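This report refers to the structure that appears directly beneath it.
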Amino acid sequence: MKHIFLKLIAIALLAALSAVANASSHTGHSGLNADGEVPLLMPGTKMPFKLWEVEQVAENVYTFRYSFYRNFFVVTDEGVIATDPLSAEAGPIMQREIRKITDKPVKYVAYSHSHYDHVAGGQVFKDEGAAFISQETCKANLEENPNPDVVMPDVTFDDYYKIELGGDAVELFYFGPSHDNCLVVMLIESSNQLFLTDLANPPDGWTMFYNPAISEDRPWHMVRYFTQLQALVEERGIETIIGGHMSGSFDPVTNRPMIVKGTTGPATIVEQKFGLWKAVTSAARDELALGTAPEDVPDRIVEKGLLKDKISGYDPEKMRILMQRMTALAITGE
Ligand SMILES: [Zn+2]
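According to the numbering used here, the sequence shown is numbered sequentially starting from 58.
Structure below.
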C-alpha cells in the first residue's frame with residue numbers, strides 16, 4: 058500500500074509548531090477566541106487550525122489536544138481521571154474545558170512518561186486536590202531533573218497500576234524501557250481504547266522517526282517492548298488507539314504541509330511500528346554477518362532500500378542516521 062497521504066515528517070511538524078507558537082506569542086493569547094481558533098496553521102496553507110480542541114471519543118471519554126499534543130480524560134459520577142496536562146499554558150485551558158463537561162473534580166492525573174513536553178502543567182489539578190500517578194522511574198527522573206512546571210507524582214508503581222473511579226478504570230502498563238525509561242501505555246476500561254504516546258501515532262505506524270538519532274529512545278529494548286505491547290493488544294482485543302500527538306503531513310497534490318485528521322486510529326499501528334523496529338534491528342545484524350565493515354553498514358542498508366516503500370516520509374539521510382545507531386546496538390548489545 059502506498060502512503061502518499063501519510064508522508065509524515067518532522068520538518069512540517071516543527072514548522073507548524075513554531076507557527077502556532079508564534080501566533081500565540083504575537084497575540085499573547087488575547088487574540089484567540091474562546092475555542093482556541095487561530096488565524097494560521099501550517100505554513101503555506103490556509104487551513105483553519107484551533108490551538109486546542111476537545112473531542113468526545115467514547116461515551117464518557119474525551120481527548121484534549123493543545124497544539125500538536127494530546128491527552129485524554131475519563132468523566133465519571135465521582136470525578137475525572139485525567140492524563141498528561143501537556144504544558145503550563147495547556148493545563149488551565151484543559152481545566153476550563155473539563156468544567157464545561159462536568160462539575161466533578163479531577164481526582165487523578167496519570168503521567169504517560171517523564172518528558173516535560175507532555176507532563177508539565179498539572180498544578181491547577183493539584184490545587185483542586187488531584188493525586189498524581191506515575192511509573193516509579195518517572196518520579197526518579199523528575200527528582201533528578203526537576204522542572205518547576207511539572208507536579209511531582211504522589212503515587213508510583215512498578216509494572217502495573219489500575220485507577221478506579223465511579224465505575225470506570227484506567228489501567229497503566231509498564232513493559233520496560235522504550236521511548237524513555239518509564240513510559241506506560243494506558244487502557245480505558247469502558248471503551249477498551251489504548252492511549253499511546255511517542256511510541257506510534259494514528260493513523261500510521263510506518264512513519265519516519267521524528268528524530269532519527271532516536272536519542273530519547275532505548276533501541277535495545279524496543280523489540281521486547283513491542284512484543285509485550287502487541288500481546289496486550291491481542292489479549293484484550295484492542296481495536297482503537299488514541300494518539301498522544303496530532304500528525305503533520307504533505308498534501309499529495311500540492312506537496313504543501315497539511316494536518317492529518319485522526320485523534321483515534323486502528324490498533325494495527327502497534328503491529329506496524331513493531332515491524333519497523335524488528336526490521337531495523339535485524340538489518341544491522343544481518344549486514345554485519347555478511348562481513349560488511351561497521352562503518353559501511355548504514356550506507357549498504359540505505360543502498361539496498363530497506364523499508365523504502367513502507368515508511369511514510371522515508372528519508373535516506375534519516376535512515377542512515379538511524380542505522381548508525383542500530384549498528385552500534387548490534388555490536389554492543391546496547
Ligand atoms: Zn517523549
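Ideal Cβ placement from N, Cα and C applies to all residues, glycine included. If you're wondering where the values come from, they're calculated on a predicted model, not measured in any experiment.
query                                                                                                                                              : result
Compute every distance between the C-beta of His172 and the non-hydrogen atoms of ligand 1, then say whether any falls below 6 Å.                  : yes
Could you give the distance in angstroms between the alpha-carbon of Asp206 and the alpha-carbon of Ala387?                                        : 38 Å
Count the other CB atoms within 10 Å of the CB of Ser191; is the residue buried (16 or more) or exposed (fewer)?                                   : buried
Going by the C-beta, is Asp274 closer than 6 Å to any heavy atom of ligand 1?                                                                      : no
Classify Asn258: buried if its beta carbon has 16 or more other beta carbons within 10 angstroms, exposed otherwise.                               : buried
Does at least one heavy atom of ligand 1 sit under 6 Å from the Cβ of Asp141?                                                                      : no
In whole angstroms, what is the alpha-carbon distance linking Leu379 and Phe252?                                                                   : 26 Å
Would Val166 pass as a contact of Ile245 if the rule is Cβ separation under 7 Å?                                                                   : no
Specify the secondary structure class of Pro355 as computed by DSSP and reduced to three states.                                                   : helix
Give the secondary structure of Leu363 by DSSP, where H, G and I count as helix, E and B as strand, and everything else as coil.                   : coil
Answer with yes or no whether the minimum CB distance from Arg127 to chain D is below 7 Å.                                                         : No chain D is part of this structure, which consists of one protein chain only.
Comparing alpha-carbon positions, which option in Ser369, Ile158, Pro373, Ala350 lies nearest Lys361?                                              : Pro373
Scan the stretch 263-313 and note each continuous beta strand (DSSP E) run of 3 residues or more that stays entirely inside, going in chain order. : 297-300, 304-307
Given the structure, does Asp255 come close to ligand 1, in the sense that its CB is under 6 Å from one of the ligand's heavy atoms?               : yes
Please say whether Asn198 and Asn171 have beta carbons closer to each other than 7 Å?                                                              : Going by the sequence as given, residue 171 is Ser instead of Asn. Taking 7 Å as the Cβ cut-off, Ser171 and Asn198 qualify as a contacting pair.
For the putative contact between Pro149 and Val181, defined by C-beta atoms under 8 Å, what is the C-beta separation to the nearest angstrom?      : 5 Å
State the Cα-Cα distance for the pair Ile317 and Gly348, rounded to the nearest angstrom.                                                          : Correcting the residue type first, residue 317 is Val in the shown sequence and not Ile. Computed Cα separation, rounded: 42 Å.
Excluding sequence positions up to five away, which residues of its chain have a Cβ less than 6 Å from the Cβ of Gly300?                           : Asn258, Pro259
In terms of alpha-carbon separation, which member of Leu333, Val163, Ala270, Ser339 lies closest to Asp141?                                        : Val163
Going by alpha carbons, who is nearest to Tyr218 out of Tyr231, Leu289, Leu143?                                                                    : Tyr231
Compute the Euclidean distance between the alpha carbons of Pro234 and Ser124, then round it to the nearest angstrom.                              : 27 Å
Does DSSP put Glu328 in a helix, a strand or coil?                                                                                                 : helix
For the alpha helix (DSSP H) containing Pro398, list its first residue and its last residue.                                                       : Since the first residue shown for the chain is 58 and the last is 391, residue 398 is missing from the structure and cannot be characterised.
Which of the three DSSP states is assigned to Asn258 in this structure?                                                                            : strand
Tell me the rounded alpha-carbon separation between Val131 and Met383.                                                                             : 39 Å
Please indicate yes or no: does the CB of Ala145 lie closer than 6 Å to some heavy atom of ligand 3?                                               : Ligand 3 is not among the ligands present in this structure, which contains only ligand 1.
Give the range of the alpha helix (DSSP H) segment to which Phe182 is assigned.                                                                    : 180-184
Quick check: Gln250 and Thr297, are their CB atoms within less than 7 Å of each other?                                                             : yes
Measuring alpha carbon to alpha carbon, tell me which of His278, Ala226, Arg122 ends up nearest Phe106.                                            : Arg122
According to the neighbour-count rule (16 or more other Cβ atoms, all chains shown, within 10 Å of its Cβ), is Glu344 buried or exposed?           : buried
Whose C-beta lies closer than 7 Å to the C-beta of Ile155 among residues of the same chain, with five residues either side of it excluded?         : Phe130, Val137, Val163
Quick check on Ala145: does DSSP put it in helix, strand or coil?                                                                                  : coil
Could you check what DSSP says for Tyr231 in three-state terms: helix, strand or coil?                                                             : strand
Is it right to say Met209 is buried, meaning 16 or more other beta carbons lie within 10 angstroms of its own, or is it exposed?                   : exposed
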